[in-house]
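Just so we're aligned: the sequence shown equals residues 152 to 434 in the working numbering.
Backbone N, C-alpha and C fix where the C-beta goes; we use that ideal spot for every residue, glycine too.
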Amino acid sequence: MRQAQNEVLLWEKRLSEAQLKRREQQSEIRNLQSQLKEIHLDLDRTSRGEDKYLQLITEEHKLIKKERELLRGSEELENIERDTFHQLSMSIRSSREWEKEYTEKAKWWGVSTWLVGGLIGTIGATINFAMRPRKVIEKLETGANKMNEMATVFEENNARIVEFMTDMRTALQLETSQIKNTSSQNDVKKVSDFDELIQTIKNENARLSQEMRELSRLAKLEAALDADPTAVVYVGSDMERLLEQTEKNIESKMKLRTLITVVVIYTAVAVTAPWLYAVFRGD
Numbered sequence: 152m153r154q155a156q157n158e159v160l161l162w163e164k165r166l167s168e169a170q171l172k173r174r175e176q177q178s179e180i181r182n183l184q185s186q187l188k189e190i191h192l193d194l195d196r197t198s199r200g201e202d203k204y205l206q207l208i209t210e211e212h213k214l215i216k217k218e219r220e221l222l223r224g225s226e227e228l229e230n231i232e233r234d235t236f237h238q239l240s241m242s243i244r245s246s247r248e249w250e251k252e253y254t255e256k257a258k259w260w261g262v263s264t265w266l267v268g269g270l271i272g273t274i275g276a277t278i279n280f281a282m283r284p285r286k287v288i289e290k291l292e293t294g295a296n297k298m299n300e301m302a303t304v305f306e307e308n309n310a311r312i313v314e315f316m317t318d319m320r321t322a323l324q325l326e327t328s329q330i331k332n333t334s335s336q337n338d339v340k341k342v343s344d345f346d347e348l349i350q351t352i353k354n355e356n357a358r359l360s361q362e363m364r365e366l367s368r369l370a371k372l373e374a375a376l377d378a379d380p381t382a383v384v385y386v387g388s389d390m391e392r393l394l395e396q397t398e399k400n401i402e403s404k405m406k407l408r409t410l411i412t413v414v415v416i417y418t419a420v421a422v423t424a425p426w427l428y429a430v431f432r433g434d
């Protein structure tokens with residue numbers, strides 16, 4: 152492109168030089184023709200027998216000879232100017248073709264770059280959109296596994312607590328028939344308090360069962376997602392935070408209830424231990 156422009160400038164310069172030389176040549180020819188006219192006038196006024204007439208004829212001959220040379224030079228300059236103009240026209244045409252081709256290439260490069268950039272952006276957005284549900288599903292799976300482990304631990308603890316309470320109730324039922332009549336009212340009151348403690352533990356177990364049902368529902372949701380991996384699931388950031396908060400709340404509640412259950416058990420043991428000791432000592 153730059154070379155074509157330089158070539159155009161070069162031929163423009165040569166054309167200007169050729170035109171200048173042609174104008175100078177034409178100016179000399181016009182001056183020479185003026186001199187010839189003056190000589191013709193002098194010849195008309197001069198008699199042929201005079202010496203001046205011969206001098207004017209000689210001068211006219213020289214001017215005519217010089218005029219012919221100038222006319223031939225003028226024709227050569229015109230040919231040079233014509234060729235230079237032709238070369239300049241070809242250079243301009245070539246430069247325009249180069250410019251047009253460059254513009255077309257630049258346009259196609261711009262369109263290609265825009266298409267490639269858009270394609271890369273679309274692929275990146277698609278991959279990001281595809282990876283986001285997977286991350287959410289992985290978090291849900293991890294949370295579900297942790298909840299299942301916690302549920303298993305709590306079920307084992309509840310089973311142990313129920314077994315312990317059953318053994319305690321059996322032992323208390325065996326000993327109530329041997330209690331003295333004088334302490335029957337106090338003992339019945341203690342047994343009723345103990346029943347209230349057992350009822351409280353049952354209520355806590357019911358709440359834990361409700362939490363287990365919720366965990367089961369989440370596990371079913373996870374199973375449904377595993378069964379249909381092509382299904383599109385969109386979970387926003389708000390929903391993700393809500394799930395994490397729910398998981399933390401469930402975990403804290405279960406820990407609190409376990410702590411309450413343990414405290415209740417220890418309280419029950421602390422209350423019933425002196426009474427059992429008194430019963431066994433009375434026997």
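Just verifying my parser: in three-state terms, what is the DSSP assignment at residue i?
{"i": "Arg198", "result": "Reading off the sequence, residue 198 comes out as Ser, not Arg. Reduced to three states, the DSSP call for Ser198 is coil."}
{"i": "Thr418", "result": "helix"}
{"i": "Pro380", "result": "Any reading at Pro380 must be qualified, since the residue scores a pLDDT of 47, below 50, and its modelled position is unreliable; no value is offered."}
When the Cα atoms are used, what is the spatial distance from residue i to residue j?
{"i": "Leu160", "j": "Val267", "result": "39 Å"}
{"i": "Lys213", "j": "Glu189", "result": "14 Å"}
{"i": "Trp162", "j": "Arg244", "result": "13 Å"}
{"i": "Arg219", "j": "His191", "result": "17 Å"}
{"i": "Gly132", "j": "Asp193", "result": "An answer regarding residue 132 cannot be provided, because it is not within the stretch 152 to 434 covered by the chain."}
{"i": "Leu205", "j": "Asp195", "result": "13 Å"}
{"i": "Glu307", "j": "Asn279", "result": "42 Å"}
{"i": "Ser403", "j": "Gly269", "result": "48 Å"}
{"i": "Lys258", "j": "Glu248", "result": "15 Å"}
{"i": "Asn354", "j": "Thr412", "result": "10 Å"}
{"i": "Val262", "j": "Glu250", "result": "18 Å"}
{"i": "Gly275", "j": "Thr293", "result": "26 Å"}
{"i": "Tyr253", "j": "Arg181", "result": "49 Å"}
{"i": "Glu179", "j": "Leu171", "result": "13 Å"}
{"i": "Gln238", "j": "Asn230", "result": "12 Å"}
{"i": "Glu217", "j": "Lys203", "result": "The question names Glu, but residue 217 is Lys in the sequence shown. Cα to Cα, the separation comes out at about 21 Å."}
{"i": "Glu300", "j": "Val414", "result": "23 Å"}
{"i": "Thr277", "j": "Thr303", "result": "39 Å"}
{"i": "Leu410", "j": "Gln350", "result": "17 Å"}
{"i": "Ile271", "j": "Lys164", "result": "50 Å"}
{"i": "Ser198", "j": "Glu210", "result": "16 Å"}
{"i": "Asn296", "j": "Lys399", "result": "14 Å"}
{"i": "Thr273", "j": "Trp260", "result": "19 Å"}
{"i": "Glu314", "j": "Thr418", "result": "17 Å"}
Measuring CB to CB, does residue i end up less than 8 Å from residue j?
{"i": "Arg358", "j": "Arg311", "result": "no"}
{"i": "Glu158", "j": "Ser240", "result": "no"}
{"i": "Leu222", "j": "Arg173", "result": "no"}
{"i": "Leu187", "j": "Ile208", "result": "no"}
{"i": "Leu166", "j": "Glu232", "result": "yes"}
{"i": "Thr264", "j": "Ala169", "result": "no"}
Could you check how far apart the C-beta atoms of residue i and residue j are, in whole angstroms? I think they sit under 8 Å.
{"i": "Gln184", "j": "Ser225", "result": "Not confirmed; about 12 Å, so no contact."}
Residue ranges of each alpha helix (DSSP H) within the region 153–182, 4 or longer: none
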